[in-house]
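Undergrad:
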DNA sequence: CTTGACCTTCGACAGCACTCCACTGTTTAC
DNA sequence: GTAAACAGTGGAGTGCTGTCGAAGGTCAAG
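Residue numbers (full-length UniProt numbering), protein chains in the order written: chain U, 1 to 117; chain S, 1 to 117.
#1: Tell me whether the beta-carbon of residue 90 of chain U lies closer than 8 Å to the beta-carbon of residue 59 of chain S.
#2: For residue 117 of chain U, count the other beta carbons within 10 Å of its own beta carbon; 16 or more makes it buried, fewer makes it exposed. Which is it?
#3: Alpha carbon to alpha carbon, how far is residue 102 of chain S from residue 84 of chain U?
#4: Indicate the three-state DSSP secondary structure (helix, strand or coil) for residue 117 of chain U in the structure shown.
#5: On the DSSP bridge assignment, give the partners of residue 36 of chain U in chain order.
#6: At a Cβ cut of 7 Å, what residues of the stretch 78–105 of chain S count as close to chain U, listed as they run along the chain?
#7: Between the stretch 49–68 of chain S and the stretch 2–21 of chain U, do at least 3 Cβ pairs fall closer than 8 Å?
#8: Where do the N-terminal and C-terminal ends of the alpha helix (DSSP H) with residue 23 of chain U fall, by residue?
#9: Establish whether the CB of residue 75 of chain U and some CB of chain S are separated by less than 8 Å.
#10: Can you pull the chain U residues whose beta carbon is under 9 Å from the beta carbon of residue 51 of chain S, in chain order?
#11: DSSP state of residue 4 of chain U, grouped into three classes?
#12: Do residue 36 of chain S and residue 3 of chain S have their C-beta atoms closer together than 8 Å?
#13: Going by DSSP in three states, residue 86 of chain S sits in which element: helix, strand or coil?
#14: Could you check what DSSP says for residue 11 of chain S in three-state terms: helix, strand or coil?
#15: Hey, is residue 7 of chain U's beta-carbon within less than 8 Å of any beta-carbon in chain S?
#16: Got a sec? Which residues, its chain only, sit under 6 Å from residue 38 of chain S by beta carbon, not counting five neighbours each side?
#17: Look at residue 55 of chain S and residue 26 of chain S and say whether their C-beta atoms are less than 8 Å apart.
#18: Quick one: which residues of the stretch 55–67 of chain U get their C-beta closer than 9 Å to a C-beta of chain S? List them in chain order.
#19: For residue 176 of chain U, is the classification buried or exposed, using 16 other Cβ atoms within 10 angstroms of its Cβ as the cut-off for buried?
#20: Indicate whether residue 51 of chain S and residue 100 of chain U have their beta-carbon atoms separated by less than 8 Å.
Have a look at this one:
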């Protein structure tokens with residue numbers, strides 16, 4: 001698929017996609033006329049990129065994850081382990097958020113929310 | 001308190017605190033010799049700033065929160081409302097994380113983790 | 001009265017994630 | 001065959017959030 005259609009489907013700008021290609025976050029072939037040609041799985045990959053980004057991962061972190069996944073020998077175990085790591089990261093993050101939440105609700109309970117507890 | 005102690009207590013750099021002052025995120029008096037003099041409640045305020053920042057608020061958004069607080073007749077109630085909003089943000093974010101987690105665990109199950117599901 | 005720790009300002013720079021522009025080439029429709 | 005819609009490149013610029021360095025003022029201790 002060409003860049004325009006990919007942009008439409010992912011709701012990213014073409015410039016953003018070119019930028020992502022430049023930093024190695026997406027890869028595509030080139031047609032004889034020089035146009036980029038992306039495989040269809042780029043769509044879910046970019047969706048994944050945006051999700052991870054929204055969760056606070058930097059593009060370089062996301063790129064490393066993708067690289068590790070692509071470079072892995074087809075051992076499903078290795079790939080699954082990588083994803084399991086990310087699940088662990090998520091769980092840690094959620095625990096952190098839960099702590100923040102508890103902290104804030106406690107402050108709400110007290111009459112002086114900005115004072116140290 | 002002078003900037004050095006504030007930096008120590010908040011674990012921010014002096015440069016960061018000066019930067020925050022420049023963009024109106026913190027305010028302090030000046031001593032006759034020109035040194036900044038921050039009130040003690042700056043410490044919890046900066047703690048709040050970092051918390052809000054970790055939740056994805058930009059510094060300018062946080063600055064607006066501070067303005068609202070200053071304009072509010074009952075600052076404790078106003079801040080409690082703000083923190084309650086923050087709790088909502090946390091809950092949204094945790095839901096997002098839970099979705100990503102479910103997505104990843106599903107990919108782990110399929111054996112082709114980066115392919116479209 | 002010097003040393004060292006503290007503080008000041010100003011301006012430049014950096015990293016991230018885009019975003020825009022100018023100019024050029026290709027394909028499709030009429 | 002020409003216009004519209006698509007694509008390419010390179011480079012500059014933007015907004016955010018700091019970070020650093022240079023040059024200098026202030027203050028307490030020895």
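Even for Gly, the Cβ is constructed at its ideal location relative to N, Cα and C.
TA: Looking at the atomic coordinates:
#1: no
#2: Here the model assigns residue 117 of chain U a pLDDT of 36, short of 50, so the residue's position is not dependable, and the following value carries that caveat. Exposed.
#3: 11 Å
#4: Since pLDDT at residue 117 of chain U reaches only 36, below the 50 mark, its modelled position is unreliable, and no value is offered.
#5: U:30
#6: 79, 80, 83, 84, 86, 87, 90, 93, 94, 96, 97, 100, 101, 104 and 105
#7: no
#8: It is not in any alpha helix (DSSP H) - residue 23 of chain U carries neither H nor E in the DSSP assignment.
#9: Note that residue 75 of chain U has pLDDT 44, beneath the 50 cutoff, so the model's placement of it is unreliable and the number below is only indicative. No, its Cβ sits nowhere closer than 8 Å to a Cβ of chain S.
#10: 100, 103 and 104
#11: helix
#12: Yes, the pair counts as a contact, with Cβ atoms nearer than the cut-off.
#13: helix
#14: coil
#15: no
#16: 1, 6 and 28
#17: no
#18: 55, 56 and 66
#19: Any property of residue 176 of chain U remains undetermined from this structure, which presents chain U solely from 1 to 117.
#20: yes
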